[in-house]
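Enquirer: Residue numbers (the UniProt record's numbering): 1 to 113.
If you want it as structure tokens, here you go:
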């Protein structure tokens, strides 16, 4: 189940964040997204670890292999390819928001069956 979708910029600034829960928990999810980024940044910026953590695959698979990930990426690429979009600024495209919502809905339907 997808609870939140976030697009984060190079400076860890939120470019897009959308909650897909009934509760009004946008602030909580925003905090979770930033905490997740801190964990990844800590691991990426400290490569001088020794011992068993040296070859740890903490980031998992970093390329899209599942259909919904590819669809999210295509929606993002289309949104930032818009000539009126300013790189590094929030994504305000209604089309992008609709595509993200449709992907989340279709993922929920396919994973429920």
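Cβ coordinates follow ideal geometry from the N, Cα and C atoms, glycine included.
(1) Mark residue 84 as exposed unless 16 or more other C-beta atoms lie within 10 angstroms of its C-beta, in which case mark it buried.
(2) Could you give the distance in angstroms between the alpha-carbon of residue 106 and the alpha-carbon of residue 43?
(3) Contact check, residue 82 vs residue 93 under 8 Å by CB: the rounded distance?
(4) Straight-line CA distance for residue 15 to residue 32?
(5) Just the Cα atoms here: how many angstroms apart are residue 39 and residue 89?
(6) For the alpha helix (DSSP H) that residue 86 lies in, which residues bound it at each end?
Expert: Well, looking at it:
(1) exposed
(2) 33 Å
(3) Residue 93 and residue 82 do touch by the CB rule: their CB atoms are close to 7 Å apart, below 8 Å.
(4) 15 Å
(5) Distance between the alpha carbons of residue 39 and residue 89: 24 Å.
(6) Where residue 86 is concerned, there is no enclosing alpha helix (DSSP H), given that its DSSP letter is neither H nor E.
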